[in-house]
Amino acid sequence: MASSKAHLTTLHHRLYHALNLGFRLGDDKEKKWECTDIEIQRHVVRSITAFLDCFSRSTSNNRLLKDSVSDITRALVFILGCRNKAVSGMAADVVVRLVHIAPNSMLQLYVLDLVGSLSPLLCCHQVEVCLPGATALNTILLSFREMKEKVVWKILEETKVVVSIVGRLRDFSDATIPSECFQEMAPLLSTILLRWPQSRYYVWNNSELMVILEGISQKPDVGLRVAALKLYSAVALCGHGAKKLLENGKHMLDVMISCMDKLSPQNARTEGFKLAQRLATGKQECLRMIGMCCEPLVKIIVQGMNRCSLTSGKLANDQISLLMEACKLALITRWEGKHHIYFWKNGIAHVLLSLVMENFHGQRLSSSMSLEEQISIAEEVLNENFLPSLRSYIWDIIGFLAIHCEEEFTPVLLGDEFRLNFLVTCACLTFSRSVQRGYQICQNDMISASQSESAARATLMMIYSSCKYVSSKARVVLSVILEKCGGQHVKSLLNFLSYTASGKSHILPHILQTAVCLVGLACYSCIPQYASVVIENQGIEISLSFCSWYLRNRDNIGPSSFAPHLQSIVEKSTCCWACAEDWDNKDTLLLYSLWAVAEMLYHSGYEQNHLEEFFTKRKSVKDQLCATLEEIRDGIYGLGPRWYSAHILSYFGCYGFRSKLGKRLMRAFNDEACSDMLLVFASEKNVSVHRVILAVRCPSLLPPEMGALSRSSITSDKPLGIVQEIRMSSNVDSQALVKLLEFAYSGYVEVENTLSKKLRTLARHCNSQILLHMLSRRRPKWGSSIPRLDLRLALNATFLHLSDVILEPKEVDIPGWNCRFCSSTFPHVHAHRVILWSSCEYLRALFQSGMQESHSDRLSVPVGWLALTKLLSWFYADELSNPPSGCVWDNMNNEEKLHELRPYVEMYSLAEFWILEDLQEDCARVIESCLKSAKELWIRIMEIAANLSQWKLAEAAADHAAPIYHKLRDSGELDEIDEELVNMIRAASVRFSQCGNMT
């Protein structure tokens, strides 16, 4: 001990003997280390190395080390800054050693200095310099999670670290650098991409690098493949990057799946699962990935979840971690698709059961076992709490598989009957326990909270599964479990929800318990004996009160779900993802509450024959219910709540979803002045309609020769004003047909109960699936998107023969322009008057004025081609596409951004001329949103707006420029613009200053 202490003291003396050769007093009288002599630098680095070799992390509290860290770091920072080939690599290696030994608290003050000195080394072409520099920089970035992110990124950006690494990786294709270099450079780049989203664009947008990565990933060297997968995974955190990877991603996916195989090293398997998870962040990207490798992907997921393939004994932590990654990926079951049947075929029930039961092979489970025996064994299994960290994933997976099951699916054919039955029993029993525990559910215990909610949601999904087998099994199991305490559960649930809804609090302290109670109400309401108890104890009124409370306090309620598939997405440092929301990731509590109301209404109508009779004594409840449901259906709420609101409203004769476009199109319905088809009834009033709207929305009502494009109908010289009469069969109920047409035009219709049966028959005959679904009062399908009223199909070649007006933009040159409908070589669009004027009173007046323009088949639109295409999307679908966003927008130059924004300014101007207030508001929203992230464009937008005499928009741009008026003036940027615009900015600046002084 004494000798080692003496040795340490000696090395410490030698260290300072070397360090003292470079210490100087700076101008500020502060001690600095500065020495450019290479031999002295080498001597100092060796002395530091010898001194640090005496320590490890466990002995890092030594006083000599604490006292020396500051001086050691100063010397290393200067030496690295000199970038001497002979010393820099050695110094970088010492930094790695220092970071591994010294506690973060000792080095925290010097992190920025170290990053600043290491970053320039990446630009060096010598491998012996840049490689140790990359290793050291990566070590620091991984070790210090808490640092000044913006400052560090500025250093990395100024020293062009990402560009340098990309350049070095591209050299790998020429075999100019060894594989070890790639395996050091790629992890550093991955670390940067993970931490700084703004760096990802430079990687995924480099096509040459993407090609090189594809080649590297297919090399037999496992280390190279893992490094490539990590890089792919980091790129996929960016939504644009993920799309880019999937564009030609077959080879990448093949490598990913091969690395996930059980024969691959564990680190390779883990990286494969993580890459797949990130590619599956968005629904469209996930389904695209599945479309390219569905069967092998599902097979490898199920294999990864199979704990029996890992070990026959106790699982190690890294094996549990691998199982969790596989379970996370299995949550792709939350989306409907062909992958579901492959999960069943590959034995997902067997694998899930092995994750629930520790001694799965030792348990005696069989199809002959009674339900009571199953429940008894399930209680024992749940009490063992085997692999608790995976339990919430298991419930979610089985729930998603159940909700997306086909109606006639049966596990009997797959030999999974008894396994699925036992999983259903375990999930229902876990859910029942959660209800029984009440306030004892601890939201701070994330595992317990996640298990409770996931089991509740899985039970809900199984009970309401479209699969007859799963649904009936879950209902029977839950009924038996509730035999002893079901009635008490119901009253407890209602009391809790009643207390919550009637309280004056604006927050929800027991979110998890509320979620479980609402799910319980929805589940219990499907069991007849409990549905009666719920309704008799004012279940509808209490649920309605909760909905009203939720709408009032929505902004004060925190995250309402502990679902693992939502938590994992939140934890990722994603960017540029525009994901279609899941049904349960927004307004979850509202969805569960409405689900319960829907089931209660179903049973009240079933038991009392007619719903009207049920609401005879509840008129005020009915009125409040309908008003609340309409607010949710037509508001900005989650997809699930909106669908269930529409579903419940169908009980009151309201079908579909209102929309602005539908309201506009209804102006044209049955308007004789503009129709081109007349439906003639024998004994009822005739109905005026439009062929183009019927061709898109209800083609079955058109004669065959009118629906599809025929050669004989192709002509650009069709006379206007010709109305074709179609005589309707006497078997067609005219009132029902009118209602069907209303739905075709607007996507929404109100129908009396006496007419609903006839309308349902007509909807079935005309293949109007959405209307038929709602008329039949079938429950909304989990994950369904809100049906949109979209007439853009009418612009396709198939329906060109129905067009009656040609829209021409202002002068534009599009090389190779060709029209398949006419011989004109000038860019144009064949459109439809009825769709245009139904949204625009100006065009309606123009087309019906009797002037020359009303007889012409051409209309000049004073906007460019891009603006015209966006304008048509608004007319035909009430959709205004946004400019590129995220890193794509951020990395555009000013001219490219202006090119993207110009169409919106043009449409803004046109909207004022054509009196399209909604369009003008939409354009203003897009312009203002883009200007917030592109302040340098304010002046240019002002000029364009002024040239179009759009002074309101010019003033808005001036308000944005007001805070930096003095900077613009002093820089001379205002010298080249019109004096009137300068005065406008000056006035806005004065107003801004006055507001600032007042605040």
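Under my numbering, the first residue of the sequence shown carries the number 1248, and numbering increases by one thereafter. Every residue, glycine too, gets a C-beta built ideally from N, C-alpha and C.
Discussion item. So residue 1327 and residue 1364 are supposed to be a Cβ contact under 8 Å. How far apart are they, rounded?
Written reply: 4 Å
Discussion item. In this structure, how does DSSP classify residue 1818 when only helix, strand and coil are distinguished?
Written reply: With a pLDDT of only 47 at residue 1818, under 50, the local geometry of the prediction cannot be trusted, and the value read off the model is given with reservation. Correct three-state label for residue 1818: helix.
Practice prompt. Output the distance between the C-alpha atoms of residue 2085 and residue 1833, rounded to the nearest integer angstrom.
Written response: 34 Å
Fill in: For residue 1448, three-class secondary structure by DSSP
helix
Practice prompt. Could you check what DSSP says for residue 1995 in three-state terms: helix, strand or coil?
Written response: strand
Worksheet item: Which word fits residue 2276, buried or exposed, when buried means at least 16 other C-beta atoms lie within 10 angstroms of its C-beta?
Response: Since the displayed the chain opens at 1248 and closes at 2246, residue 2276 lies outside it and no answer follows.
Discussion item. Considering only the alpha carbon of each residue, which of 1793, 2027 and 1798 lies closest to residue 1887?
Written reply: 2027
Discussion item. Which residues does DSSP list as the beta-bridge partners of residue 2084?
Written reply: Partner(s): none; residue 2084 has no beta bridge.
Fill in: Bounding residues of the alpha helix (DSSP H) (the contiguous stretch that carries residue 1601)
1595 to 1603
Item to complete: Since I believe residue 1577 is in contact with residue 1667 (beta carbons under 8 Å), could you give me their beta-carbon distance rounded to a whole number of angstroms?
Response: Actually they are not in contact, since the Cβ atoms of residue 1667 and residue 1577 sit about 16 Å apart, beyond 8 Å.
Worksheet item: Which residues bound the alpha helix (DSSP H) around residue 1796?
Response: 1786 to 1800
Worksheet item: CB-CB under 7 Å to residue 1485, same chain, minus the five flanking residues each way: which ones, in chain order?
Response: 1444, 1447, 1451, 1822, 1823 and 2134
Fill in: Per-residue burial, residue 1732 [other beta carbons within 10 Å of its own, 16 or more giving buried]
exposed
Worksheet item: Where do the N-terminal and C-terminal ends of the beta strand (DSSP E) with residue 1936 fall, by residue?
Response: 1934 to 1936
Worksheet item: When the Cα atoms are used, what is the spatial distance from residue 1872 to residue 1800?
Response: 18 Å
Worksheet item: By Cβ distance below 6 Å, which residues in the same chain neighbour residue 1480 in space, the five residues on each side in sequence not counted?
Response: 1521, 1522 and 1525
Fill in: Beta bridge counterpart(s) of residue 2107 as assigned by DSSP
2055
Worksheet item: If we count the other Cβ atoms within 10 Å of its Cβ and call it buried at 16 or more, is residue 1964 buried or exposed?
Response: Because the pLDDT at residue 1964 is just 47, under 50, the model does not fix this residue reliably, and the value given afterwards should be weighed accordingly. Exposed.
Discussion item. Buried or exposed for residue 1593, going by 16 or more other Cβ atoms inside 10 Å?
Written reply: buried
Worksheet item: Which value, in whole angstroms, describes the spacing of the CA atoms of residue 2205 and residue 2161?
Response: 25 Å
Fill in: Buried versus exposed call for residue 1660 [16 or more other C-beta atoms within 10 Å across all chains shown]
exposed
Worksheet item: Assuming residue 1878 and residue 1798 make a contact with CB atoms under 8 Å, what is their CB distance in whole Å?
Response: 7 Å
Item to complete: Please list, in chain order, all residues of the same chain as residue 1434 whose beta carbon is under 7 Å from its beta carbon, the five residues on each side excluded.
Response: 1385, 1474 and 1477
Worksheet entry | Opposing strand residues paired with residue 2077 [DSSP bridges] | 2053
Worksheet item: What residue from 1728, 1602 and 1358 has the CA that sits closest to residue 1620's CA?
Response: 1728
Discussion item. Contact defined as beta carbons within less than 8 Å: I believe residue 2055 pairs with residue 2108. What is the distance between those atoms, to the nearest angstrom?
Written reply: 7 Å
Worksheet item: What span of residues does the alpha helix (DSSP H) with residue 1902 cover, start to end?
Response: No alpha helix (DSSP H) contains residue 1902, which is instead part of the beta strand (DSSP E) from 1901 to 1903.
Item to complete: Mind checking who residue 1642 pairs with in its DSSP beta bridge?
Response: None; residue 1642 has no bridge partner.
Worksheet entry | Euclidean distance between Cα positions of residue 1406 and residue 1329 | 15 Å
Worksheet item: From what residue to what residue does the alpha helix (DSSP H) around residue 1621 run?
Response: 1618 to 1631
Worksheet item: In the DSSP assignment, what are the bridge partners of residue 1973?
Response: 1926
Practice prompt. Tell me, please, which residues DSSP counts as bridged to residue 1279.
Written response: 1271
Discussion item. Rounded to the nearest angstrom, what separates residue 1540 and residue 1884 at their Cα positions?
Written reply: 34 Å
Discussion item. Using only CA atoms, which one of 1462, 1490 and 1982 lies nearest to residue 1502?
Written reply: 1462
Worksheet item: Does DSSP classify residue 1506 as helix, strand or coil?
Response: helix
Item to complete: Compare the C-alpha of residue 1794 against each of 1839, 2042 and 1377 and name the closest.
Response: 1839
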